[in-house]
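For reference, the structure is listed below as structure tokens.
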DNA sequence: AACTGCCAAGTAATCGATTACATGGGCCTG
DNA sequence: CAGGCCCATGTAATCGATTACTTGGCAGTT
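Chains as they are written, first to last, in UniProt numbering: chain A, 1 to 337; chain B, 1 to 337.
Right, dumping it as structure tokens:
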């Protein structure tokens, strides 16, 4: 019936107290006398009062939300991370706003916009292609860098990409492969450079060589994996095993190989990275490096909440461990001849 | 340097005008004299002023955001829809808050919370399992039901599930199949009932019968698809074709069939529903019914924006067409003997 | 009885914008 | 030249909470 919802004034009137008392009852009940508290709570129930977060946040100089800024919202890789983040943030009374850097104009502008808009108490940034200079804005909220970052002092959450690459390479070598290729992401991408570095390091440690032709370039998408497969098949001296920097590329690669009448793992063994859900349902099942995405999400939210609570732009960084998941896409190399 | 960001007062002082003029310059520039406008804009630039959305929204009695409430944030099906929604909402100056109904307690409570919290100017609801009664709260914002709804007068966006099912069945029948099964979602789910109805209708129209054993039950997940495959293989009289109510289940089904040494489409032809990205990279490529998810997202946002602008709880509903995508998972039935 | 101290509750300033209404100057018209 | 109008701008109330500061009452102490 009542179009407008009750305000704190209404509750105060009904309970016969001041608005200050109502506010206190709701935020720190311990400081109000039990009898008063009860009558306020009853008035709240009677009026159907809901706190107006906007007004509260304005007064408190906060926004009540955190923005997750991803390169591309349509990428399902993030959804599971969002779920973890959302659970933690909701618990803390914060909302999760999502936005991507591809809508509209320049990605760095988008970041700058969100940093200065004052729409968030904190930002979680997934896009490693953004310029670090964009973060130099006065009065910006705390920012946590996730996944695609490395090297510097800004608070971040990453996974151990080098170790993951080493796990993959060692597993392939363990199956008997000596010609192990790498399907990379975009060259400038940190995930690419880290996984590539891990790949090289692991090969050297094994005394194997990395032929430059064996490094194929993709962009993490399934389509780019399929394209890489066509290049691989055209190679005069094909590697017998391939470590793919993402499961998506591995899926595309396998699909294209099959379509060409070749077999995985008969003609080429494959290890992916991520452990996306479909990996275990493929034929053959995809051996891969698991990234614990829910944990990445929850830890990100937790670290950011700490920074927000501390009112600090700096905070700890964390490296999350990865794990080899063995399935059927790896077998000994084909016996020549 | 300055910890605090500039307020409208600062801009007014620098420009030598009143705050009203600054506000007007920013919101409806046409009503202020060009000279004044320019000096205000210069002052804005000089001070680095950013409008405080919280304060503006409080005054305007709106929140500046829309909540998308999905059953499960981790489900990648939604991410592409989010992308479409976000693009439209951002354009309109609104933020997209995401939340799921699984975190915390009772899903209906979660919906109720978001309806009354006053944190959103509108809600987009993807969870068809919620009770419609939950929407009966006074003073709630406009709500648009997406995808998992049917039948009533509330504004909604759906796809033509029956027609999609008919496309699938007709395609299978066209390849020569007479024993066509259906792999459903949860029985109570509207998508299930609609697609099942379409399946039955199409079979009748073709003069084919639907054997009850040929209706397998899943829950839209890959795992449930794999489980269904095991039940299918145990069937004394297996259908030679299967229409799956989701691509995810089709993926799981195909995987399990292959693992058992049978072949798709050699032993069974399959049509999915959704056209998820991986469908075209599977072996064989999955024939499926495409749902235009980006369009679902953009249209949802547009319809909701209309309702918000009109200040109305009601609005038009829309049915979005689906399309058959032909790939290699359908072939003529195996010749008996 | 007077004084001190403390606890619960009230008063009112404040967060930063928007906007209804008031004002004043310039121009046009008769 | 007086009257009326309009346009650009200023004044100040307002959105709905939080919270620093103040007040008043009661208990305990001497």
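Glycine included, each C-beta is placed from N, C-alpha and C at the ideal position. Values in this document were obtained by computation on a predicted structure and should not be read as measured data.
Asked	Found
In the DSSP assignment, find the beta strand (DSSP E) that holds residue 95(B) and state where it starts and stops.	95-100
Along chain A, in chain order, which residues have C-beta atoms closer than 7 Å to that of residue 80(B)?	74
So residue 99(B) contacts chain A; which residues on that side make the cut at Cβ distance below 9 Å?	86, 90, 95, 96
Which whole runs of the beta strand (DSSP E) in the segment 217-272 of chain B are 3 residues long or more, in chain order?	241-244
Taking only beta-carbon atoms, is residue 302(A) less than 8 Å away from chain B?	no
Can residue 26(B) and residue 142(B) be called in contact, C-beta distance under 8 Å?	no
With residue 88(B) as the anchor, note down where its alpha helix (DSSP H) starts and where it stops.	77-91
With a threshold of 8 Å between beta-carbons, can residue 222(B) be considered close to chain A, or not?	yes
Note down, in chain order, all residues in the segment 113-142 of chain A with a beta-carbon under 7 Å from any beta-carbon belonging to chain B.	116, 117, 118, 119, 138, 139
Below 8 Å on the Cβ atoms is my contact criterion, and I expect residue 210(A) with residue 216(A) to pass it. Report the Cβ-Cβ distance as a whole number of Å.	Going by Cβ atoms, the distance from residue 210(A) to residue 216(A) rounds to 12 Å, so no, they are not a contact pair.
Roughly how many angstroms separate the alpha carbons of residue 183(B) and residue 264(B), rounded to a whole number?	16 Å
Would you call the segment 124-136 of chain A and the segment 64-72 of chain A touching, i.e. three or more CB-CB distances under 8 Å?	yes
On the premise that residue 253(B) lies in contact with residue 279(B), defined as a C-beta separation below 8 Å, what is that separation, rounded to the nearest angstrom?	No, residue 279(B) and residue 253(B) are not in contact; Cβ-Cβ is about 13 Å, not under 8 Å.
Shorter than 7 Å, the distance from the beta carbon of residue 272(A) to the closest heavy atom of the ligand HEM, or not?	In the structure shown, the ligand HEM is absent, as is every other ligand, since no ligand is present at all.
For residue 269(B) and residue 277(A), I'd like the C-alpha separation in whole angstroms.	23 Å
Examine chain B for any beta-carbon lying closer than 8 Å to the beta-carbon of residue 148(A), and answer yes or no.	no
Whose Cβ in chain B lies nearer than 8 Å to the Cβ of residue 278(A)?	222, 251, 278
Just tell me which of 224(B), 231(B), 238(B) has its CA closest to the CA of residue 249(B).	224(B)
Mind checking whether residue 330(A) and residue 165(A) have CB atoms under 8 Å apart?	no
Can you give me the Cβ contacts of residue 235(A) inside the same chain, cut-off strictly under 7 Å, excluding the 5 residues immediately before and after it?	213
Can the beta-carbon of residue 171(B) be found closer than 8 Å to that of residue 271(B)?	yes
May I ask which residues mark the beginning and end of the beta strand (DSSP E) holding residue 290(A)?	287-290
Any C-beta of chain A sitting closer than 8 Å to the C-beta of residue 255(B)?	yes
Just to confirm my understanding: we take residue 194(A), look at its own chain, exclude 5 residues before and 5 after, and list those with CB closer than 6 Å. What are they?	161, 162
So residue 339(B) and residue 286(B) are in contact, right, with Cβ under 8 Å, and what is the actual spacing, rounded?	A query on residue 339(B) cannot be resolved here, the shown segment of chain B reaching from 1 to 337 and no further.
Looking at the structure shown, is residue 26(A) part of a helix, part of a strand, or coil, going by DSSP?	helix
Do residue 155(A) and residue 315(A) come within 8 Å of each other at the CB atom, strictly closer than that value?	yes
Grouping DSSP H, G and I as helix and E and B as strand, with all else coil, what is residue 305(B)?	helix
Using beta carbons (cut-off 8 Å, strictly below), is residue 104(B) in contact with chain A?	yes
Going by DSSP, what residues sit across from residue 175(A) in a beta bridge?	Answer is none; residue 175(A) lacks a bridge partner.
Determine which residues of the UniProt domain "HTH lacI-type" (6-60) of chain B have a Cβ less than 7 Å from any Cβ of chain A, and write them out in chain order.	50, 52, 53, 54, 55, 57, 58
Using a Cβ-Cβ cut-off of less than 7 Å, list which residues of the segment 222-246 of chain A approach chain B; keep chain order.	222, 226
Tell me, please, whether the segment 38-53 of chain A touches the segment 108-123 of chain B by the rule of three or more beta-carbon pairs shorter than 8 Å.	yes
What residue ranges within the segment 111-175 of chain B form continuous beta strand (DSSP E) runs of no fewer than 3 residues, ordered along the chain?	122-125, 143-146, 156-159
For residue 46(A), which residues in the same chain have their Cβ closer than 8 Å to its Cβ, ignoring the five residues on either side in sequence?	14
Does residue 48(A) come out as helix, strand or coil in the three-state DSSP assignment?	coil
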